[in-house]
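Each residue of the sequence shown is one higher than the one before, counting from 1171 in this note's numbering.
Glycine is no exception: its CB is placed at the ideal position from the N, C-alpha and C atoms.
Here the structure is a predicted model, which is why all the values come from computation and not from measurement.
Below is one structure; the comments refer to it alone.
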Amino acid sequence: MKKIKLMLIEDHNVFREGLKKLLELEENLQVVAEAGSCQEALAKLTSDIDVILLDIGLPDGDGLELAGRIKQIYPQIKHVALTTYDDPIFIKKAMECGVKGFVPKYAFFDEIKSAVFMTHKGGSYLYPGLNTDSLLNLADTGLTENEIQILQLLARGKNQKEIAAELYISLSTFRRRLKDIFTKLNVHSVEEALTVAVKRGIIK
1171 MKKIKLMLIE DHNVFREGLK KLLELEENLQ VVAEAGSCQE ALAKLTSDID
1221 VILLDIGLPD GDGLELAGRI KQIYPQIKHV ALTTYDDPIF IKKAMECGVK
1271 GFVPKYAFFD EIKSAVFMTH KGGSYLYPGL NTDSLLNLAD TGLTENEIQI
1321 LQLLARGKNQ KEIAAELYIS LSTFRRRLKD IFTKLNVHSV EEALTVAVKR
1371 GIIK
């Protein structure tokens, strides 16, 4: 069987070296490149790579933005996020950047292997401990990132004028977006919107 060629992008050397040794014990896996930053990853990127195991928090940039850039260069490469984040909003954003697998760093090695094999075959992998129900609910709403941000600011007790100023939009634009939020969540007031948003995992 042809080996799956992997790239590790992780800035913590001890974690990266330990994971590399475990991966290379598997006869079907081969680590062909590794990097500790976005810049180094782009410099070492090749079309031979099948799957990238990607740390989201990198010292010189956002791992999700890096995944998006790599997807533009080599769309065939699959991405698995190694992360400490399990917020459904974060996962949805990662999916939009082309990430297909999500494994927390505290997971057992077998979970990482499963994510690699499933994404390589063209599927997706969500670690069983992640709040997938909230993720599905979030996807169903169709809310934009800006609309979610409005909900977050409302939850903090900000009024209409304060939110409009913070987002650099007019009051009329804010009210139009709020109306869109009500429609998407099927509610009729800010209180109802916040209640539904919390219940469905859109905001905390």
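Excluding the five sequence neighbours on either side, which residues of its own chain have a C-beta within less than 8 Å of the C-beta of Val-1360, listed in chain order?
Leu-1324, Leu-1348
Just tell me which of Thr-1314, Ile-1179, Val-1368, Glu-1266 has its CA closest to the CA of Val-1201.
Ile-1179
Between Ile-1372 and Leu-1321, how many whole angstroms is the CB-CB distance? I'm expecting something under 8 Å.
6 Å
Hey, which unbroken runs of the alpha helix (DSSP H) at 4 residues or more fall wholly within the stretch 1204-1237?
1208-1214
Inter-residue Cα distance where the pair is Gly-1206 and Asn-1183:
8 Å
Range covered by the beta strand (DSSP E) that runs through Lys-1175
1174-1179
Could you tell me the distance, in whole angstroms, from the CA atom of Gly-1293 to the CA atom of Glu-1281?
Their backbone Cα atoms lie some 15 Å apart in a straight line.
Decide if Asp-1147 is buried, meaning its Cβ has at least 16 other Cβ atoms within 10 Å, or exposed.
The chain is shown only over 1171 to 1374; residue 1147 falls outside these bounds and no answer can be derived.
Does Glu-1202 come out as helix, strand or coil in the three-state DSSP assignment?
Sequence inspection shows Val at residue 1202; the Glu mentioned does not correspond to that position. DSSP places Val-1202 in strand when its eight states are reduced to three.
Lys-1291 (DSSP reduced to helix, strand or coil)
coil
Report all residues from its chain with a CB closer than 6 Å to the CB of Leu-1306; omit the five preceding and five following residues, and keep chain order.
At Leu-1306, the pLDDT of 49 sits below 50, so the modelled position is not reliable and the matter cannot be decided from this model.
State yes or no: is the C-beta of Ala-1237 within less than 8 Å of the C-beta of Leu-1223?
Between Ala-1237 and Leu-1223, the CB-CB gap reaches or exceeds 8 Å.
Measure the alpha-carbon distance for Lys-1367 versus Leu-1341 and round it to whole angstroms.
As written in the sequence, residue 1367 is Ala, which differs from the Lys given in the question. Roughly 22 Å separates the two Cα atoms.
When you compare only the Cα positions, how much space is there between Leu-1296 and Phe-1278?
14 Å
List the whole-angstrom C-beta distance separating Thr-1289 from Gly-1271, where the pair is believed to meet the contact cut-off of C-beta under 8 Å.
4 Å
Closest by CA to Ile-1318, which one among Val-1286, Lys-1283, Lys-1262?
Lys-1262
Contact set for Leu-1192: own chain, Cβ-Cβ below 6 Å, skip 5 residues either direction
Phe-1279
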